[in-house]
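Some notes on the structure that comes next.
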Amino acid sequence: MASTKNYDIKDLTLAEAGRRKVVWASREMPVMKLIQERFAAEKPLSGIRIAGCLHITTETANLALALQAGGADLVLCASNPLSTQDDAAAALVDYGIPTNAIKGEDAVTYYEHINTALDQKPHITIDDGADLVTTLHTKREDLIENIIGGTEETTTGVIRLRSLEKSGGLRYPIIAVNDAQTKYLFDNRYGTGQSTIDGITRATNILWAGKKVVVCGYGWCGHGIAMRAQGLGSQVIITEVEPVRALEAVMDGYQVMPLSEAARVGDIFITISGDKNVIDTPHLQAMKDGAILANSGHFNVEINIPALENLSSGRREVRPFVEEYSLCDGRRIFLLGEGRLINLAAAEGHPASVMDMSFANQALCMEYLVKNRGKLKTEVYPVPVEIDRQVARLKLDAMGISIDTLTPEQEKYLNSWREGT
Ligand code: ADE
Numbered sequence: 003m004a005s006t007k008n009y010d011i012k013d014l015t016l017a018e019a020g021r022r023k024v025v026w027a028s029r030e031m032p033v034m035k036l037i038q039e040r041f042a043a044e045k046p047l048s049g050i051r052i053a054g055c056l057h058i059t060t061e062t063a064n065l066a067l068a069l070q071a072g073g074a075d076l077v078l079c080a081s082n083p084l085s086t087q088d089d090a091a092a093a094l095v096d097y098g099i100p101t102n103a104i105k106g107e108d109a110v111t112y113y114e115h116i117n118t119a120l121d122q123k124p125h126i127t128i129d130d131g132a133d134l135v136t137t138l139h140t141k142r143e144d145l146i147e148n149i150i151g152g153t154e155e156t157t158t159g160v161i162r163l164r165s166l167e168k169s170g171g172l173r174y175p176i177i178a179v180n181d182a183q184t185k186y187l188f189d190n191r192y193g194t195g196q197s198t199i200d201g202i203t204r205a206t207n208i209l210w211a212g213k214k215v216v217v218c219g220y221g222w223c224g225h226g227i228a229m230r231a232q233g234l235g236s237q238v239i240i241t242e243v244e245p246v247r248a249l250e251a252v253m254d255g256y257q258v259m260p261l262s263e264a265a266r267v268g269d270i271f272i273t274i275s276g277d278k279n280v281i282d283t284p285h286l287q288a289m290k291d292g293a294i295l296a297n298s299g300h301f302n303v304e305i306n307i308p309a310l311e312n313l314s315s316g317r318r319e320v321r322p323f324v325e326e327y328s329l330c331d332g333r334r335i336f337l338l339g340e341g342r343l344i345n346l347a348a349a350e351g352h353p354a355s356v357m358d359m360s361f362a363n364q365a366l367c368m369e370y371l372v373k374n375r376g377k378l379k380t381e382v383y384p385v386p387v388e389i390d391r392q393v394a395r396l397k398l399d400a401m402g403i404s405i406d407t408l409t410p411e412q413e414k415y416l417n418s419w420r421e422g423t
């Protein structure tokens, strides 16, 4: 075959390389494809301005294209300073979707980008971590009167928004996309599970077999990380504060112990709890020489980095995304990706196949918000169950899997009150 210019990815502009990756991701996003086709025909988002604060990835680009096909006027910004894929951002701009995001941007630029997205005066917000909604509620309140509603993608964001709701401060309806079954059972578990291992592997090239891996937090993401680390031959230790989850971890076959004990034996520590200072000074003091620390939770607060700095006499980068801290007592501790979510910092985030379901929920919730404009209260709502089921059915169809249906007799039996036999 003749070699032509632009045959190799390296010969392409960033935007063209990004476009090819966006198309590649779309192969694994059949549900989004169906939604995009329907949206293109029906235009349910016509005239709607949407501001999305999301990880700027090839999967997000596919969501954006579906919303654009539905008639939305969309602007994007990053939901984390280190998660942007610059080629995906360039492709998005090329597709006509203003995208304010640069991998490695500092905190000032991060918030400038959020504010630029808000300047578009959105009718709908999409958030991943609630920084957009928080900025709206604290600094751009004048824009709230235009807003129909919003969605939230992740556990941390839902927790923040529920606290805002509880304090009486929430000013428009939000749908907690994270809490859809077709989101957390797949994206949180299989997506975070695989991509966290991927991020740590890309950053370090370690062998997982034989390592003691401490997973701090046994929510759905923790489940996924533990499962995948065990599958690669690691001995997994779970630390958890919630007794039911801790019991579940025991019965799932993991060792469970307080972090103060695990700190002494672990080779790799992965925080995924959503809380701050999970790994703190006493744990750092107890760790073995060469311990590796990574975070996969939304914010870079789970590992107490200032405490690590206080214990250290110096630090240096030894590989991309790997910083060696030299402790005053001679030990070395390696921090990955500045304590930011390692699956997006050092790898590419959740694979497209699970983002297909998460983003199908997002797109269908956008449509739902428009259809129910003015009818919803200022609450954090669950994803309507019909949307959740529809996403599961579409995904099964796309996978070529059919399932049984109840006979009318079975349905009647399940739905009728009866005495026991
Ligand atoms: N969150 C985790 N992985 C992601 C991805 N690939 N795209 C967008 N958001 C994500």
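If you're matching positions, the sequence shown starts at 3 in our numbering and goes up one per residue. Glycine is no exception: its CB is placed at the ideal position from the N, C-alpha and C atoms.
Could you tell me which of the options sits nearest to residue i, measuring between CA atoms?
i      : options                        : result
Thr127 : Ala63, Asp144, Leu56, Gln70    : Leu56
Ala348 : Ser85, Thr15, Ile37            : Ser85
Thr15  : Ala205, Lys35, Asp88, Leu47    : Asp88
Thr117 : Lys105, Gly98, Ser81           : One point to set straight first is that residue 117 is Asn, not Thr, in the sequence displayed. Checking every option, the nearest Cα to that of Asn117 belongs to Ser81.
Lys373 : Ser236, Leu329, Glu381, Leu47  : Leu47
Tyr327 : Ile307, Val24, Gly20           : Ile307
Ser236 : Ile227, Val215, Gly226, Gly159 : Val215
Ala19  : His115, Val77, Val95, Tyr370   : Val95
Ser315 : His300, Phe361, Gly332, Tyr186 : Gly332
Could you tell me the alpha carbon to alpha carbon distance between residue i and residue j, rounded to whole angstroms?
i      : j      : result
Gly402 : Gln392 : 15 Å
Leu366 : Ala309 : 44 Å
Leu69  : Asp254 : 40 Å
Glu147 : Asn102 : 24 Å
Gln257 : Arg247 : 13 Å
Asn363 : Asn190 : 14 Å
Asn312 : Leu249 : 35 Å
Leu398 : Lys213 : 36 Å
Cys218 : Glu44  : 45 Å
Leu338 : Ala178 : 30 Å
Gly171 : Gly292 : 45 Å
Leu120 : Pro100 : 12 Å
Leu36  : Asn345 : 28 Å
Glu155 : Glu30  : 20 Å
My output table needs one value for residue i: the three-state DSSP class, helix, strand or coil.
i      : result
Glu319 : strand
Cys223 : helix
His384 : Residue identity check: residue 384 is Pro in the sequence provided, not His. It is a strand residue.
Asp390 : helix
Val280 : coil
Ala400 : helix
Val258 : strand
Ile274 : coil
Val303 : coil
Asp10  : coil
Leu429 : With the chain covering 3 to 423 only, the question about residue 429 has no answer from this structure.
Leu163 : helix
Val77  : strand
Asp133 : helix
Thr140 : helix
Glu421 : coil
Thr157 : helix
Ile405 : coil
Ile146 : helix
- request: Could you name each continuous alpha helix (DSSP H) segment of 4 residues or more that falls completely within the stretch 44-75, going from the start of the chain to the end?
  value: As far as the stretch 44-75 is concerned, its whole alpha helix (DSSP H) runs of at least 4 residues are 60-71.
- prompt: Which runs of the beta strand (DSSP E) fall wholly inside the stretch 305-353 and span at least 3 residues, in chain order?
  reply: 314-321, 324-329, 334-338
query: Residue ranges of each alpha helix (DSSP H) run of no fewer than 4 residues wholly in the stretch 176-237, ordered along the chain?
result: List check, alpha helix (DSSP H) in window: 194-206, 222-233.
Unbroken stretches of the alpha helix (DSSP H), 4 residues or longer, contained in the stretch 83-128: Runs of the alpha helix (DSSP H) inside the stretch 83-128: 88-96, 109-120.
- request: Entirely within the stretch 9-42 and at least 4 residues each: give me those alpha helix (DSSP H) ranges in chain order.
  value: 16-28
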